[in-house]
Each structure stands twice: as C-alpha cells, then as structure tokens.
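Numbering (my numbering), first residue to last: 23 to 154.
We put the CB at the ideal spot given by N, CA and C, even for glycine.
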C-alpha cells in the first residue's frame with residue numbers, strides 16, 4: 023500500500039497506543055504505527071507488553087522509519103504521563119495521539135454486569151482522556 027504525505031506527517035511525532043499485536047494478525051495499532059512511520063512520523067509504539075511494542079518498533083525501523091517502544095497501561099494516569107514525557111524527551115514534541123486500545127463487552131447491555139461495563143469504559147474511554 024502506498025502512503026502519501028499529503029497530510030503533512032513528515033517529521034511529526036506520534037504516539038500509538040495498543041501498538042503491539044499478539045497472535046497471527048497485524049492489528050489496528052501495529053498497522054497505524056507502521057503507516058505513520060512510513061509517512062515520515064517518528065513513532066512511540068506503546069503497549070502493555072513491551073515485547074509487542076518492540077516488535078512493532080523494529081518493523082517500523084526496518085522499513086526506514088524512526089520508532090521506539092514503550093510499555094504502559096493506558097488506564098493508569100501516571101503511566102500515561104510517562105508515555106507522553108518519553109515521546110517529548112526523545113523527540114522534543116508530540117503532534118499525534120492515535121488511541122488504539124479497546125476491549126469489547128461479552129454480550130448485550132442487558133447481560134453485562136456493572137464491573138465489566140466499568141472496565142470497558144475505563145479501557146475504551148478513560149484511557150483516551152488520560153493519554154491526552
């Protein structure tokens with residue numbers, strides 16, 4: 023897939039949360055990180071599992087991009103602050119935040135228990151606020 027730089031991404035600094043990929047597929051986060059790197063962004067690949075973030079960063083670097091890995095749980099405020107600080111410390115700024123962390127519920131709202139609902143909201147919504 024060709025990537026144009028019409029969006030003006032060259033030299034921008036991006037954080038991609040959920041940037042690792044477990045299992046067979048590439049995953050949305052990894053795909054976003056690789057495409058941003060290919061478009062000229064410097065990318066901090068963030069995942070709870072450092073080895074998954076490192077694999078994505080290595081793929082981006084092998085493709086000619088500038089990427090680094092960082093481990094963080096985006097539901098923890100201090101880890102989100104550390105993630106942003108790491109990008110700014112490494113590259114001097116932050117331009118793009120690509121939130122790719124998300125989980126689903128186990129069924130309909132009627133079947134969902136409150137604890138699971140709160141966890142889904144924490145991961146899918148609160149994490150975006152904490153990362154911003």
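When the Cα atoms are used, what is the spatial distance from residue i to residue j?
{"i": "residue 134", "j": "residue 150", "result": "22 Å"}
{"i": "residue 84", "j": "residue 38", "result": "18 Å"}
{"i": "residue 56", "j": "residue 48", "result": "10 Å"}
{"i": "residue 118", "j": "residue 128", "result": "31 Å"}
{"i": "residue 36", "j": "residue 125", "result": "22 Å"}
{"i": "residue 139", "j": "residue 97", "result": "14 Å"}
{"i": "residue 74", "j": "residue 132", "result": "35 Å"}
{"i": "residue 79", "j": "residue 91", "result": "6 Å"}
{"i": "residue 108", "j": "residue 101", "result": "10 Å"}
Evaluate residue i with the Cβ neighbour count: other Cβ atoms within 10 Å of its Cβ, from every protein chain shown; 16 or more gives buried, anything less gives exposed.
{"i": "residue 136", "result": "exposed"}
{"i": "residue 143", "result": "exposed"}
{"i": "residue 41", "result": "buried"}
{"i": "residue 52", "result": "buried"}
{"i": "residue 54", "result": "buried"}
{"i": "residue 61", "result": "buried"}
{"i": "residue 23", "result": "Legend: pLDDT at residue 23 = 48, less than 50; position of this residue unreliable, value from coordinates given subsequently. Classification of residue 23: exposed, given that the 10 Å Cβ count is below 16."}
{"i": "residue 153", "result": "buried"}
Going by C-alpha distance, which of the options is nearest residue i?
{"i": "residue 32", "options": "129, 86 and 75", "result": "86"}
{"i": "residue 72", "options": "95, 146 and 116", "result": "95"}
{"i": "residue 68", "options": "127, 104, 117 and 60", "result": "104"}
So residue i and residue j are in contact, right, with Cβ under 8 Å, and what is the actual spacing, rounded?
{"i": "residue 123", "j": "residue 145", "result": "6 Å"}
{"i": "residue 106", "j": "residue 89", "result": "About 16 Å separates the two Cβ atoms, so there is no contact after all."}
{"i": "residue 59", "j": "residue 82", "result": "4 Å"}
Starting from residue i, trace the alpha helix (DSSP H) in both directions and tell me its first and last residue.
{"i": "residue 122", "result": "Where residue 122 is concerned, there is no enclosing alpha helix (DSSP H), given that its DSSP letter is neither H nor E."}
{"i": "residue 66", "result": "Unbroken run through residue 66 is the beta strand (DSSP E), 64-69; no alpha helix (DSSP H)."}
Between which two residues does the beta strand (DSSP E) harbouring residue i extend?
{"i": "residue 78", "result": "Run containing residue 78: none in the beta strand (DSSP E); it sits in the alpha helix (DSSP H), 72-84."}
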